[in-house]
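*Asks:*
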């Protein structure tokens, strides 16, 4: 663990041959572990839990970690699970998997498809691969625990809740994750992607955009729908705001500055013949630079206030930023080590060129250590069945991905066996690349 007064060794560099030899020894145990990994995946997929409600999932993760000899703490920042395994002198490496599902109706037709509903009747589905992430986290933790002669250091296994609401990582840190269990020297995370199974994508610098969730409350003057002249119509005002917001990216940012502004919710009124008193917009903002995000947020507030004034609104709108996440930026040295390890284990052809992902993650909060940044590395694991990939129209990966079910789709269905094996191997190999070999720093 890092300490300003007594710095500990950084993750030990591994020679390619030494790393591959250690990975062979560790992953030789994977076949014995995979049946439980598969059973856990199937169970989680059939019984998904929404953000903040992951009690059953967390219990399954904690039980399995305890059975492998980890010191387990529960309920860290909600339903967060932390498993520690100390195995001699060396760096502390955090492996993270997110556990929550989405309010999406499953339409895969799989025999183990989710039929889960909330008490309010809302559908629930693992439509973003978090069941894959969690099962692979447990599988990697198991093979590493059974191979303690192949590495030195401390493993911190983190089952994180509430990623979909972008709250879980920060909640765990606010609950004292690093203060209680130690600040890691490296944080590793992976995410499923609609790439062919057995392929991996790494991107230097920004891997995923930062995000902001904004709510704009517009105030009008209600009236009968047949007498619009007596009103200040917040629906018309809201429509003007929505259209004007589209000019932020097209006219206020440089074409070289990547950003997305999407109005995902527009709520106003109760009946067709009643002009309501107010309208509420909710937006998602995505940028690859935190400074650009600040400029976009300023523009949103300016536009909302300007349109309200032009409409003669009785009072200015309320503009609230409900949540923000920083960009998901990879540490160059750590990502290089992980990518080299994956190339050595899977072969260079398994690595596809990295592209910027416009979706967001709360994973970058793990980089915010006490007084200093913590190196993080985040990569993508292909989960699309090979037949589906080959059948998809298009000559380039981007064209094919556009025709395949992606995250947050009710049709999102990973290649079960291939994805679980690839995910376990990629996380294990990455961990070994950061942990010391049995002879100390690096490999013997």
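In this note's numbering, the protein residues as written are 380 to 823.
Ideal Cβ positions, reconstructed from N, Cα and C, are used throughout, including at glycine.
Bear in mind that the values here come from a model prediction, so they are computed numbers and not experimental data.
#1: Pull up the DSSP beta-bridge partners for residue 574, would you.
#2: Counting only runs that start and end within the stretch 685-738, where is the alpha helix (DSSP H) found for 4 or more residues in a row?
#3: Let me know the alpha helix (DSSP H) ranges lying completely inside the stretch 461-525, each 4 residues or longer, listed in chain order.
#4: Does the count of Cβ pairs from the stretch 398-407 and the stretch 774-788 closer than 8 Å reach three?
#5: From residue 796 to residue 416, what distance separates their C-alpha atoms?
#6: Residue 541 and residue 469: beta carbons closer than 8 Å?
#7: Under the three-state reduction of DSSP, which class applies to residue 804: helix, strand or coil?
#8: What would DSSP say about residue 551, mapped onto helix, strand or coil?
#9: If you follow the beta strand (DSSP E) that residue 757 is in, where does it begin and where does it stop?
#10: Closest to residue 800 by CA distance: which of 450, 511, 583 is it?
#11: What does a CB cutoff of less than 7 Å around residue 663 pick up in its chain, not counting 5 residues either side in sequence?
#12: Looking only at its own chain, which residues have a Cβ that is under 7 Å from the Cβ of residue 686, when we skip the five neighbours before and after it?
#13: Just to confirm, are residue 824 and residue 743 a CB contact at a threshold of 8 Å?
#14: Looking at the unbroken beta strand (DSSP E) that takes in residue 596, where does it start and where does it end?
#15: Within the continuous alpha helix (DSSP H) that includes residue 626, where are the two ends?
#16: Leaving out the 5 sequence neighbours to the left and right, which residues in its chain are closer than 7 Å to residue 638 when beta-carbon positions are compared?
#17: Can you name the start and end residues of the beta strand (DSSP E) that residue 450 belongs to?
#18: Looking at C-beta atoms only, is the number of pairs between the stretch 731-741 and the stretch 482-491 that lie closer than 8 Å three or more?
#19: Taking one C-beta from the stretch 571-586 and one from the stretch 688-699 each time, how about it: are there three or more such pairs within less than 8 Å?
#20: Examine chain C for any beta-carbon lying closer than 8 Å to the beta-carbon of residue 682, and answer yes or no.
#21: In or out: residue 531 buried (at least 16 other Cβ within 10 Å) or exposed?
#22: Taking residue 757 as the reference, which of 775, 766, 736, 777 has the closest Cα?
#23: I need the boundaries of the alpha helix (DSSP H) containing residue 630, first residue and last residue.
#24: Below 8 Å on the Cβ atoms is my guess for residue 474 versus residue 423; work out the distance and round it to an integer in Å.
#25: Give every residue of the same chain whose Cβ lies closer than 6 Å to the Cβ of residue 382, excluding the five residues on either side of it in the sequence, and list them in chain order.
#26: Considering only the alpha carbon of each residue, which of 537, 405, 448, 404 lies closest to residue 458?
#27: Distance, Cα to Cα, residue 505 vs residue 568?
#28: My understanding is that residue 524 touches residue 448, with C-beta atoms under 8 Å, so please give their C-beta distance in whole angstroms.
#29: Does the distance from the C-beta atom of residue 579 to that of residue 805 stay below 8 Å?
#30: Consult DSSP for residue 428 and reduce its assignment to one of helix, strand or coil.
#31: Mind checking which residues open and close the beta strand (DSSP E) that includes residue 435?
#32: Between residue 502 and the rest of its own chain, which residues show a CB-CB distance below 8 Å, the 5 nearest in sequence each way excluded?
#33: With a threshold of 16 other CB atoms inside 10 Å of the CB of residue 386, please say whether the residue is buried or exposed.
#34: Please determine, among 445, 463, 518, 762, the residue with the shortest C-alpha to C-alpha distance to residue 807.
#35: May I have the straight-line CA-CA distance separating residue 673 from residue 625, to the nearest angstrom?
#36: Hey, would you say the C-beta of residue 471 is under 7 Å away from at least one heavy atom of the ligand COA?
*Replies:* Based on what the coordinates show:
#1: Residue numbering aside, residue 574 sits at position 195 when the chain shown is read from its first letter. Per DSSP, none; premise fails for residue 574.
#2: Runs of the alpha helix (DSSP H) inside the stretch 685-738: 711-725.
#3: 509-524, all fully within the stretch 461-525.
#4: With the rule of 3 Cβ pairs closer than 8 Å, the stretch 398-407 does not count as touching the stretch 774-788.
#5: For the purposes of this step, residue 796 is identified with residue 417 of the chain shown, where counting begins at 1. For the purposes of this step, residue 416 is identified with residue 37 of the chain shown, where counting begins at 1. Distance from the CA atom of residue 796 to the CA atom of residue 416, rounded to whole angstroms, is 10 Å.
#6: Stepping through the chain shown from its first residue, residue 541 is reached at position 162. Stepping through the chain shown from its first residue, residue 469 is reached at position 90. The criterion of a C-beta distance shorter than 8 Å is not satisfied by residue 541 and residue 469.
#7: Stepping through the chain shown from its first residue, residue 804 is reached at position 425. Of the three classes helix, strand and coil, the one that applies to residue 804 here is helix, per DSSP.
#8: Locating residue 551 in the chain shown gives position 172, where the first residue counts as 1. When secondary structure is reduced to three states using DSSP, residue 551 falls in the helix class.
#9: One-based indexing of the chain shown puts residue 757 at position 378. In the DSSP annotation of this structure, the continuous segment of the beta strand (DSSP E) that includes residue 757 starts and ends at 755-763.
#10: On the chain shown, position 421 is the one that residue 800 refers to. Among 450, 511, 583, the Cα nearest to that of residue 800 belongs to 511.
#11: Residue mapping note: residue 663 aligns to position 284 of the chain shown, counting from 1. Within the same chain, residue 663 has close Cβ partners 590, 592, 641, 643.
#12: The residue given as residue 686 occupies position 307 in the chain shown. Within the same chain, residue 686 has close Cβ partners 616, 619, 620, 623.
#13: What is shown of the chain runs 380 to 823, which leaves residue 824 out entirely.
#14: The sequence position of residue 596 within the chain shown is 217, counting from 1. Element bounds for residue 596: 589-598.
#15: By one-based count along the chain shown, residue 626 stands at place 247. Residues 613-626.
#16: Reading the chain shown from its first residue, position 259 is the one you call residue 638. Counting only Cβ-Cβ distances below 7 Å, and skipping sequence neighbours, we find 628, 632, 665, 666, 671, 675.
#17: Taking the first residue of the chain shown as position 1, residue 450 is located at position 71. Residue 450: member of the beta strand (DSSP E) spanning 450-452, first to last residue.
#18: Note that the stretch 731-741 does not touch the stretch 482-491; fewer than 3 beta-carbon pairs, one per stretch, sit closer than 8 Å.
#19: No, the stretch 571-586 is not in contact with the stretch 688-699.
#20: Of the chains in the structure shown, none is chain C; there is only one protein chain.
#21: One-based indexing of the chain shown puts residue 531 at position 152. Residue 531 is buried by the Cβ-count criterion.
#22: Position 378 of the chain shown, counted from the start, is the residue given in the question as residue 757. Proximity to residue 757 across 775, 766, 736, 777 peaks at 736, based on C-alpha coordinates.
#23: As a working mapping, residue 630 is identified with position 251 in the chain shown. No alpha helix (DSSP H) holds residue 630; DSSP gives it neither H nor E.
#24: Here residue 474 refers to the residue found at position 95 of the chain shown. Here residue 423 refers to the residue found at position 44 of the chain shown. Between residue 474 and residue 423 a beta carbon distance of about 17 Å is seen, past the 8 Å cut, so the two are scored as non-contacting.
#25: Taking the chain shown and counting its residues from 1, one reaches residue 382 at position 3. Residue confidence for residue 382 is low, a pLDDT of 40 falling below 50, so the modelled location carries little weight; the figure read from the coordinates is stated next. Its chain contains no residue whose beta carbon lies nearer than 6 Å to that of residue 382 once the 5 sequence neighbours on both sides are disregarded.
#26: Numbered from 1 along the chain shown, position 79 holds the residue referred to as residue 458. In terms of Cα proximity to residue 458, the closest of 537, 405, 448, 404 is 537.
#27: The residue labelled residue 505 in the question sits at position 126 within the chain shown. The residue labelled residue 568 in the question sits at position 189 within the chain shown. Within the model, the alpha-carbon separation for residue 505 versus residue 568 is close to 18 Å.
#28: On the chain shown, residue 524 is found 145 positions in, with the first residue counted as 1. On the chain shown, residue 448 is found 69 positions in, with the first residue counted as 1. Contact flag correct, Cβ pair sits at about 6 Å.
#29: Position 200 of the chain shown, counting from 1, holds the residue named residue 579. Position 426 of the chain shown, counting from 1, holds the residue named residue 805. Yes. Within cutoff.
#30: For this step, residue 428 is matched to residue 49 along the chain shown. Three-state DSSP puts residue 428 in coil, outside helix and strand.
#31: Stepping through the chain shown from its first residue, residue 435 is reached at position 56. In the DSSP annotation of this structure, residue 435 is not part of any beta strand (DSSP E); the continuous alpha helix (DSSP H) holding it starts and ends at 434-446.
#32: For the purposes of this step, residue 502 is identified with residue 123 of the chain shown, where counting begins at 1. Result list for residue 502: 482, 483, 484, 485, 493, 495, 496, in chain order.
#33: If you number the chain shown from 1, residue 386 lands on position 7. The predicted model places residue 386 with a pLDDT of 37, which falls under 50 and marks its position as unreliable, so this point remains unresolved.
#34: Residue numbering aside, residue 807 sits at position 428 when the chain shown is read from its first letter. If you compare the alpha carbons of 445, 463, 518, 762 with that of residue 807, the shortest gap goes to 518.
#35: Here residue 673 refers to the residue found at position 294 when the chain shown is read from its first residue. Here residue 625 refers to the residue found at position 246 when the chain shown is read from its first residue. Rounded to the nearest angstrom, the two C-alpha atoms are 17 Å apart.
#36: This structure does not include the ligand COA; it has no bound ligands of any sort.
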